[in-house]
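Each number in the numbering used here corresponds to the 1-based position in the sequence shown with 23 added.
Don't be surprised by glycine CBs; every beta carbon is placed ideally from N, CA and C.
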Amino acid sequence: MRIRYLLLHAYGTGGTIRTVINQANSMVAVGHDVQLVSVLRRRDEPAFPLDPRVGITTIVDQRDGAEDARPDHGPLARYRAWSRARLAQQQPKVIPQGEFGIDYFDRHVEKEVARYLRGLSAGILVTTRPALNILAARYAPASVTRVGQEHMNLSTHRKDVRAAIARYYPRLDAIAVLTHRDREEYEQLLPGTRIVRIPNAIHSLDQEPADHTAKVAVAAGRLVPQKGFDMLIPAFEQVVEHHPDWQLRIYGAGKKKAELRALIEEHHLYNNVFLMGHTSHLDDELAKASFYVLSSRFEGLPMVMIEAMAHALPVVSFDCPTGPADVLTDGTEGFLVPAQDVAGLAHAMGRLMADESLRAKMGTAAVATARNFSEAVVRPQWEELFAELTGADAADTPEAVGR
């Protein structure tokens, strides 16, 4: 099958980017023709490993010295440059302003994406966020099999985005969501539209297991309000009083770094809580910990949490919408705490800090659950969907032929 994945910024470091690249690598590994298309390019190389068999192209190259950034010469070139600059000052016309990635879009970018979509003629197109799903529904021809991925739950989208979803998503051939709750919510909003639940796959189950002796808890994610680190830090203050030799290491970068650093100072946790910044070696850091904490206000499907489980790390998590409860059973792989219950989060962390044998027992269960999110389990679900939508015989997929 010929499959194109359209990402906003394939060269970035977000969770959606990582999971889509994982999916592209998985599909090309079994013989599919896979292309990664980045709306924007601001870096020279992708941040995540990309199989060299996956082609990668860019619609709008914004690097210094790139064609889209170079001054143009000649009357026609100057006119094009003037038009591009004028459109870059205008807001998109189709993409709703409530889209979380709206700052990356202007009218020029929107028009270039529409031009690219109109030029497609065949194959499978997988778009990966509401803005791109909406544009694909409006501009990609019916000869293309159009599959929209949703990496966030419906209730977190703003009102204008939900209205655009209701208007445009029924034009797509299928919508893929990450959790059972997501599927129910989208089916209510979009009766008659094909909604499927396919979770993201973790990049590897072959991970170094934690030995649960380190007095280290780990959290990871962008330093933004969604991730709830402003609740995690006060929760850790409550528990560190009884476990002063424990550390909390938070990996990630983002606009709330200064505020979180000030919160650490306010709670006198400078010897216990550390903002570690971005790391390209998160697997190594997870293996050094004894449990993982997820303090998010909302999630799609928390992939770093599942990857932590592959390291035999038990999890303490808010039961936020959506995702954690689709993965964790309270008391088995860790603890599910009512959403935004700071005291409950502290209590659950304290239970794990106080009991190494409990950490080991829950870590063993965590590894078993993580296997449900392996490439070997998830990839056939995508192949089956694509085969059904295109009328292909699933038995003729590259993987099936090799069996």
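> Which residues does DSSP pair with Ser61 in a beta bridge?
Replying inline: Ser61 pairs with Leu30 and Thr81.
> Roughly how many angstroms lie between the CA atoms of Ile118 and Asp353, to the nearest whole one?
Replying inline: Their backbone Cα atoms lie some 39 angstroms apart in a straight line.
>> I need the boundaries of the alpha helix (DSSP H) containing Ile198, first residue and last residue.
In response: Boundaries around Ile198 are those of the beta strand (DSSP E), Ala197 to Val200, since no alpha helix (DSSP H) includes it.
> How is the alpha helix (DSSP H) around Asp307 delimited, first residue to last?
Replying inline: Boundaries of the alpha helix (DSSP H) around Asp307: Leu305 to Ala310.
> What are the boundary residues of the alpha helix (DSSP H) that includes Ile188?
Replying inline: Here the alpha helix (DSSP H) through Ile188 covers Lys182 to Tyr191.
>> How far does the beta strand (DSSP E) with Asp342 in it extend, from its first residue to its last?
In response: Taken as a continuous stretch (DSSP letters only), the beta strand (DSSP E) holding Asp342 covers Val338 to Asp342.
> When DSSP labels each residue in this structure, what does Met299 get in the three-state scheme?
Replying inline: DSSP places Met299 in the strand class (E or B) of the three-state scheme.
> Which residues mark the beginning and the end of the beta strand (DSSP E) in which Thr150 is found?
Replying inline: Where Thr150 is concerned, the enclosing beta strand (DSSP E) starts and stops at Ile147 to Thr150.
> Do you know how far the Cα of Phe252 is from the Cα of Leu110?
Replying inline: Each residue's alpha carbon lies about 38 angstroms from the other.
> Among Val184, Val77, Ser178 and Ile82, which one has its Cα closest to the Cα of Gly124?
Replying inline: Relative to Gly124, the option among Val184, Val77, Ser178 and Ile82 whose CA is nearest is Val184.
> Any idea if Trp269 is buried or exposed, counting beta-carbon neighbours within 10 angstroms, 16 or more meaning buried?
Replying inline: It counts as buried.
> Which residues in the same chain have their Cβ closer than 6 angstroms to the Cβ of Glu5, if we skip the five residues on either side of it in sequence?
Replying inline: Since the first residue of the chain shown is 24 and the last is 426, residue 5 is not available in this structure.
>> If I follow the unbroken alpha helix (DSSP H) through Val46, where does it start and stop?
In response: Reading off the sequence shown, one finds Gln at residue 46, where the question assumed Val. It spans Gly38 to Ala52 - the alpha helix (DSSP H) in which Gln46 sits, taken as one unbroken run.
>> Helix, strand or coil, according to DSSP, for Val424 in the structure here?
In response: Note on Val424: pLDDT 37, under 50, position unreliable in the model; no value is reported.
>> Please state the DSSP three-state secondary structure of Ile256.
In response: The answer is helix: DSSP assigns Ile256 an H, G or I state.
> If you compare alpha carbons, which of Pro267, Gly277 and Glu210 is closest to Ala243?
Replying inline: Of the candidates Pro267, Gly277 and Glu210, the one whose C-alpha sits nearest the C-alpha of Ala243 is Gly277.
>> For Val241 and Ala331, which I take to be in contact (beta-carbon distance under 8 angstroms), what is that distance rounded to the nearest angstrom?
In response: About 7 angstroms separates the CB atoms of Val241 and Ala331; that is less than 8 angstroms, so the two are in contact.
> What number of angstroms, rounded off, separates the C-alpha of Tyr34 from the C-alpha of Gly171?
Replying inline: Tyr34 and Gly171 have their C-alpha atoms roughly 20 angstroms apart.
>> Residues in the same chain with beta-carbon distance under 8 angstroms from Asp129, minus the five sequence neighbours each way, listed in chain order, please.
In response: Non-local C-beta neighbours of Asp129 in its own chain, meaning closer than 8 angstroms and more than five positions away in sequence, comprise Leu110, Ala111, Gln112, Gln113, Gln114 and Pro115, ordered along the chain.
> Span of the beta strand (DSSP E) holding Phe128?
Replying inline: Going by DSSP, Phe128 is part of no beta strand (DSSP E) at all; its letter is neither H nor E.
>> So, under 8 angstroms CB-CB, Leu29 and Thr151 are touching, yes? Tell me the CB distance rounded to an integer number of Å.
In response: Going by Cβ atoms, the distance from Leu29 to Thr151 rounds to 6 angstroms, so yes, they are a contact pair.
> Between which two residues does the alpha helix (DSSP H) carrying Ile440 extend?
Replying inline: Only positions 24 to 426 of the chain appear in the structure, and residue 440 is not among them; the question remains open.
> Would a C-beta distance cut-off of 7 angstroms place Ala310 and Ala233 closer than the cut-off?
Replying inline: Remark: C-beta atoms of Ala310 and Ala233 approach each other more closely than 7 angstroms.
>> I'd like the list of long-range same chain contacts for Gly121, defined as Cβ closer than 8 angstroms, with 5 residues on each side in sequence excluded.
In response: Cβ within range, chain order: His180, Arg181, Lys182, Asp183 and Val184.
> When DSSP labels each residue in this structure, what does Gln363 get in the three-state scheme?
Replying inline: Looking at Gln363 - three-state DSSP - the assignment turns out to be coil, as it is neither helix nor strand.
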